[in-house]
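Below you'll find the structure, written out as structure tokens, and then a few comments.
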Amino acid sequence: QNVYDHSVHVPLIFAGPGIPQNERREAFVYLLDIFPTLCDLLGIEIPDTVEGKSLIPALKNPSEPIRQYLHFAYEGLHRGVRDQRYKLIEYVVGGVHVKTQLFDLEDDPRETTNLADDPRYAETLVRLRRELRRGWLEDYGDTQEQGQSFWKAFDASVGEMR
């Protein structure tokens with residue numbers, strides 16, 4: 200178990216009346232999006248307490264994004280974020296930030312070439328690190344014990360905005 204695509208990229212299939220057949224979408228979705236999608240399909244109001252987003256816009260329009268980024272984690276050890284092209288993975292082991300991986304998913308879909316130390320990708324690395332922090336702390340409240348341990352080690356090594 201880890202945060203490479205073979206573990207975090209799970210196909211989601213919808214079928215039924217009014218849903219296009221034999222089409223593929225590249226939208227970034229989470230399991231928590233299924234409930235609001237089902238509510239929309241059934242014409243039921245989505246409760247305010249639901250955190251997910253309805254996937255109906257993406258079902259109707261193949262180019263409609265649900266999110267700009269996907270955030271993922273494996274226990275307290277890894278935190279990651281990806282956009283349409285790049286994926287960033289940060290590793291903390293034993294309270295120490297030990298590794299950064301950056302992949303170009305267009306050129307390297309199997310995630311085999313780490314670009315994190317390549318100066319040509321410095322801006323991409325900074326942008327994704329900022330989004331990693333913003334998403335995990337603001338959107339998902341990654342403040343439980345494992346999250347605190349990860350961010351403390353990450354900040355000690357990388358710094359808040361680097």
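First residue of the sequence shown: 200, per the numbering used here; consecutive thereafter.
Note that CB positions come from ideal geometry on N, CA and C, so glycine has one too.
Burial state of residue i, where buried means 16 or more other Cβ atoms lie within 10 Å
{"i": "E289", "result": "buried"}
{"i": "V236", "result": "Looking at the sequence provided, one finds Thr at residue 236 rather than Val. Buried: at least 16 other Cβ atoms inside 10 Å."}
{"i": "D338", "result": "exposed"}
{"i": "D341", "result": "buried"}
{"i": "R281", "result": "buried"}
{"i": "M360", "result": "Here the model assigns M360 a pLDDT of 48, short of 50, so the residue's position is not dependable and the matter cannot be decided."}
{"i": "R278", "result": "buried"}
{"i": "L287", "result": "buried"}
{"i": "V431", "result": "The structure shown does not extend to residue 431, since the chain is modelled only from 200 to 361, so the question has no answer here."}
Through-space distance from residue j to residue i, alpha-carbon basis
{"i": "T299", "j": "P216", "result": "45 Å"}
{"i": "A257", "j": "G242", "result": "17 Å"}
{"i": "P264", "j": "F349", "result": "29 Å"}
{"i": "L301", "j": "V207", "result": "16 Å"}
{"i": "Q347", "j": "V295", "result": "12 Å"}
{"i": "F353", "j": "V209", "result": "28 Å"}
{"i": "L211", "j": "T311", "result": "25 Å"}
For residue i, the nearest candidate out of the options (CA to CA)
{"i": "D285", "options": "V357, T323, Q220, P261", "result": "For the record, residue 285 in the displayed sequence is Tyr; it is not Asp. Comparing Cα positions, the closest option is T323."}
{"i": "D204", "options": "I233, V357, Y273", "result": "Y273"}
{"i": "R223", "options": "L231, Y229, A214", "result": "A214"}
{"i": "G293", "options": "Q283, G275, Q220", "result": "G275"}
{"i": "P261", "options": "I245, A321, P219", "result": "P219"}
{"i": "V297", "options": "K351, N221, E244", "result": "K351"}
(Q) Below 8 Å, how does it come out for the stretch 290 to 308 and the stretch 248 to 262: are there three or more Cβ pairs, yes or no? (A) With a cut-off of 8 Å, the stretch 248 to 262 and the stretch 290 to 308 do not count as touching, because too few Cβ pairs lie within range.
Q) Is the stretch 255 to 272 close to the stretch 323 to 338, with three or more CB pairs under 8 Å? A) Cβ pair count under 8 Å is three or more, so yes.
Q | Secondary structure, alpha helix (DSSP H): runs of 4+ residues fully inside the stretch 275 to 347 | A | Listed in chain order, the complete alpha helix (DSSP H) runs (minimum 4 residues) inside the stretch 275 to 347 are 321 to 333.
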